[in-house]
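Colleague: Numbering (this note's numbering), first residue to last: 88 to 501.
(1) Near residue 208, which residues of its chain fall below 6 Å by C-beta distance, leaving aside the five closest residues on each side in sequence?
(2) Among the candidates 106, 114 and 296, whose CA atom is the shortest distance from the CA of residue 388?
(3) Using the rule of at least 16 other Cβ atoms within 10 Å of the residue's Cβ for burial, across every protein chain shown, is residue 193 buried or exposed?
(4) With distances taken from CA atoms, which of 184, 386, 432 and 239 is nearest residue 301?
(5) Excluding the five sequence neighbours on either side, which residues of its own chain have a C-beta within less than 8 Å of the C-beta of residue 479, listed in chain order?
(6) Give me the Cα-Cα distance between residue 331 and residue 356, rounded to the nearest whole angstrom.
(7) Could you check which residue in 233, 125 and 257 has the C-alpha nearest to that of residue 470?
(8) Who does residue 314 pair with in a DSSP beta bridge?
(9) Could you spell out the range, first to last residue, of the beta strand (DSSP E) harbouring residue 200?
(10) Going by other Cβ atoms of all chains shown within 10 Å of its Cβ, with 16 needed for buried, is residue 393 buried or exposed?
(11) Is DSSP giving residue 88 helix, strand or coil here?
(12) In the DSSP output, what is residue 267 paired with across the bridge?
(13) Just reading off the alpha helix (DSSP H) that residue 109 is part of, what are its end residues?
(14) Give the secondary structure of residue 483 by DSSP, where H, G and I count as helix, E and B as strand, and everything else as coil.
(15) Quick check for students: name the residue ranges of the beta strand (DSSP E) that lie wholly in the segment 172-240, counting only runs of 3 or more.
(16) Mapping the DSSP letters down to three states, classify residue 435 as helix, strand or coil.
(17) Looking only at its chain, what residues have a beta carbon closer than 7 Å to the beta carbon of residue 108, apart from the 5 residues adjacent to it on each side?
(18) Measure from the alpha carbon of residue 127 to the alpha carbon of each residue in 420, 386, 368 and 475, then state which is nearest.
(19) Tell me which residue opens and which closes the alpha helix (DSSP H) that residue 250 is part of.
(20) If you count every other CB in all the chains shown that lies within 10 Å of the CB of residue 40, and 16 or more means buried, which is it?
(21) What's the gap between the Cα of residue 243 and the Cα of residue 362?
(22) Determine which residues share a DSSP beta bridge with residue 321 and list them.
(23) Quick one: what's got a C-beta closer than 8 Å to residue 385's C-beta in the same chain, skipping five residues either side?
(24) Ends of the beta strand (DSSP E) at residue 149?
(25) Considering only their Cβ atoms, is the gap separating residue 183 from residue 334 smaller than 9 Å?
(26) Please report the distance separating the alpha-carbon of residue 294 from that of residue 111.
(27) Any idea what DSSP makes of residue 465, helix, strand or coil?
(28) What's the call for residue 274, buried or exposed, on a 16-neighbour Cβ count within 10 Å?
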């Protein structure tokens, strides 16, 4: 069958003959593809937004902090406090072969008043770090440089400030490096400013954090060789959970903590958290596909059933066509084209409306970080191709029914 202008006019006439039925049938296809695109785009955008929280951060890492003991052990009562120290750090480095980075962190754990040289003030968290921490927590700098190993070795009073602190202390902008700030009565020279696109930081919001060499913070706060948090990054091929058990064993042994104490050593496994989130979104993607495919198939069944009704209503017309010599392939093509047109038009409208809705969602969610809520163009083309195949499939059964009509039976039935 050659699809010409007359053929298209005939297809449109047949579909418009019963507008309500055609609209209700098309709605099944429209709703199926609309929900599929909306769910796929929404899930993709949410996954990217959540992934922004891990962006630039080593997901094969873990952190250890102390808590009160929950069990009596070796003559000590329960509820005992204890602290991490540099000998702990060195022993972990020596004994845990699968650890690529082991580094200390000191936290202020409370807001620190920060004053600029011109009297402007801000609040933030003060933390002491080693340069190795940047291997776990990569930062984007607006000005200057990060803390270096030389800064740590020489106990330099230097700092890297967050973007929010910079904006409050330097509202006119400009490079603040080599100027000084006062934090808790101690002057630090600014050597860098962290961009506000950093989404995760150990110990607080990176925009409101002041990072200094941990050796300097130990000295000015009289902490001796103590620190608050031990950060670890695993070598490729090593499990963070396995390394965590080794570190816990070392710390409990050194500080005479009961091996069965589940409270004294707080183990934060970032690898497990990341894998959990990844598994969650894999499940969501599978669910979205199942929902989309199920809804589309129900719509296709609806189209096929309506086309069967249409064929029955056109029994006389189809019988006369057979009587005057219409080819079998012409009748098949006519029925299939009607199903394809209904499917493609409804599906295309569903795709366009879903894309428009996702554009609005993406604009509203822009404050949560860069994330694309739109499906890739290749997915849209694939959806159109799937609609074409489904339209053909929806028209096959009615076309076979039309071929089974005999001219004599059609005239007798009419």
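A virtual CB, placed ideally from N, CA and C, is assigned to each residue, including glycine. Keep in mind the model is a prediction, meaning the values are calculated, not measured.
Modeller: So, from the data block:
(1) 202
(2) 114
(3) buried
(4) 239
(5) 423, 426 and 427
(6) 8 Å
(7) 125
(8) 171
(9) 199-203
(10) buried
(11) Confidence in residue 88 is poor, its pLDDT being 49 and thus under 50, which makes the residue's placement unreliable; the coordinate value appears in the next sentence. It is coil, neither helix nor strand.
(12) 276
(13) 106-139
(14) helix
(15) 186-194, 199-203, 208-216 and 228-231
(16) helix
(17) 393
(18) 368
(19) 250-256
(20) Missing from the structure shown is residue 40; the chain here goes from 88 to 501 and no further.
(21) 39 Å
(22) 186
(23) 115 and 119
(24) 148-153
(25) yes
(26) 53 Å
(27) helix
(28) exposed
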